[in-house]
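The block underneath contains the structure these notes are about, expressed in structure tokens.
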Amino acid sequence: MNKFDNALKAEIQRLPKTREPERDLWRGIELSLHSQVSGKADENGLNNEPSGQDKRGTIARLSTKPWLAMAASAMLVSVIWFFSPAFTTDETSGEQPKLAGYALVDALSEQQDDQMTSLLASYDSAPELSENWQAQLKELDDAAGVIKAALKDDPNNRALLKMLKHVYQQQITLIERVHAPKWQQI
Amino acid sequence: MERTLAKVTNLTNDDESQHEAAVLLAAKQGDKVAYKTLYHNHVGRVYALCFRLTGDRGLAEDATQEVFIQLWSKLDRFDGQSQFSTWLHSVSANVTVSYLRKQRNWVQRMFNIETSPAMEMPAEADSSQVDLEALVVRLPQRARMVFVLHAIEGYRHEEIAQMLDMAVGTSKAQFHRAKQLLKTWMGCEDE
């Protein structure tokens, strides 16, 4: 081993074993874990809701391929919406005015409200597959509220923004799912 | 006296490992408070690894969060055969490499190594005052990852090749490249 190798080895030994991040990372992790739990609750709610003889049939319908296709298409619409130019923070987006900081959060929330209002209006007379979907929606709303509160302190936190978008997406998917016409489940 | 000190140290270590085992068990059972304790106990080491692998503070913070988000659902896989910190280190390295792969500029960063600004960095004036950490993060992406995994974390080139999806020879070449750059920057060229 030559002089440099020895010097390098000694420097490696001297490297600190730990290094503390400059910002609090736990809050984002906690929110993500919370949103994972909400997602699971959402799935469980959908599989438990019907009562009586209809229950087995509905579970079977929920697991059919058209159901998955519909969920996938709802996800796709949401993804396209979230990545639409009005919301992109990409510096290359050019002519569109760039939204940054809490203005982006406000714009996202406003768009979400519009989207949900129009969705709920369009499904006004459609039968609901789940009885407790509004409670699930409220739970997701609470999660979004917690994330938005955290974003007030740290409006440019990408992880938090990603989480907020994810929660909003889950709300749209939930509304789509519970109001899907029965023929789409067969 | 020495024997007593050793006994006390052993007792302390035993207590610590028992406490860690209890925290780990509770976290495995879904206790978020225990998981937060686990996070606080290990975030420093995980972040240090993420920072060295990514070479960027923001990316390292995101990668650290990703590690602890994924770890929550992976805890069941820890079988206690090795030390938890060793296992967590391995999970962290794998999650960080995957995280970096998902980044938009991964391919660009991995292959555009000749244009790295680090190449223009002047040599250190005094090699006795080397900040190796600062030099490592300035290495080109691929060379840095191989150097960190091999020289600092002790992975074999075969393991690194698998992790980074490259040939074993490439891993060795990148390690050599990293060493050559560090040698220049540390002012040890004239040996």
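Note that the protein sequences, when read in sequence, are chains A and B.
Just so we're aligned, residue 41 is where the first sequence starts under my numbering, counting upward by one.
Just so we're aligned, residue -2 is where the second sequence starts under my numbering, counting upward by one.
Backbone N, C-alpha and C define an ideal beta-carbon position, used for all residues, glycine too.
Predicted model, so just to flag it, every value in this text is computed and none were measured.
Taking only three categories from DSSP, how would you classify residue i?
i, result
"Y96/B", "helix"
"G77/B", "coil"
"A164/B", "coil"
"T58/A", "coil"
"E150/B", "coil"
"M156/A", "helix"
"K138/A", "Low confidence applies to K138/A: its pLDDT is 49, below 50, so where it sits in the model is not reliable, and the reading given next is rough at best. Reduced to three states, the DSSP call for K138/A is coil."
"D12/B", "helix"
"L65/A", "coil"
"Y44/B", "helix"
"M142/B", "helix"
Using a 10 Å radius around the Cβ and a threshold of 16 neighbouring Cβ atoms, would you call residue i buried or exposed?
i, result
"N213/A", "Rather than Asn, the amino acid found at residue 213/A in this sequence is Thr. T213/A comes out buried."
"K180/B", "buried"
"I52/A", "exposed"
"Q152/A", "buried"
"N197/A", "buried"
"P137/B", "buried"
"R54/A", "exposed"
"D73/B", "exposed"
"D59/B", "buried"
"K99/B", "exposed"
"H173/B", "exposed"
"L86/A", "Caution is warranted here: a pLDDT of 44 is assigned to L86/A, below 50, making its placement in the model unreliable, and no coordinate value can be reported."
"G77/B", "exposed"
"E150/A", "exposed"
Compare the C-beta of residue i with all C-beta atoms of chain B and state if any pair is closer than 7 Å.
i, result
"L191/A", "no"
"L148/A", "no"
"L73/A", "yes"
Give a yes or no on whether the minimum CB-CB distance between residue i and chain A is below 7 Å.
i, result
"L129/B", "yes"
"Q26/B", "no"
"F81/B", "no"
"W69/B", "yes"
"R42/B", "yes"
"I149/B", "yes"
"K180/B", "yes"
"Q62/B", "yes"
"F65/B", "yes"
"E58/B", "yes"
"F48/B", "yes"
Would you say residue i faces chain D, with C-beta separation under 7 Å as the test?
i, result
"K71/B", "The chain labelled as chain D is not found among the protein chains of the depicted structure, namely A and B."
Check your understanding: Just checking, does the segment 53 to 71 of chain A make contact with the segment 12 to 27 of chain B on the three C-beta pairs under 8 Å criterion?
Key -> no
Check your understanding: Looking at chain B, which residues of the segment 44 to 71 of chain A have a Cβ within less than 9 Å of any of its Cβ atoms?
Key -> F44, D45, A47, L48, K49, E51, I52, R54, L55, P56, K57, T58, R59, E60, P61, E62, R63, L65, W66, G68, I69, E70
Check your understanding: Mind listing which residues of the segment 171 to 205 of chain A have their C-beta closer than 8 Å to chain B's C-betas, in chain order?
Key -> R198, A199
Review point. Is it a yes or a no for the segment 152 to 161 of chain B touching the segment 53 to 60 of chain B, going by three-plus beta-carbon pairs under 8 Å?
Key: Taking 8 Å as the limit for Cβ pairs, the verdict is that the segment 53 to 60 of chain B does not touch the segment 152 to 161 of chain B.
Point to revise | Three CB pairs or more closer than 8 Å across the segment 43 to 50 of chain B and the segment 83 to 93 of chain B | key: yes
Check your understanding: Between the segment 174 to 191 of chain A and the segment 204 to 219 of chain A, are three or more C-beta pairs nearer than 8 Å?
Key -> yes
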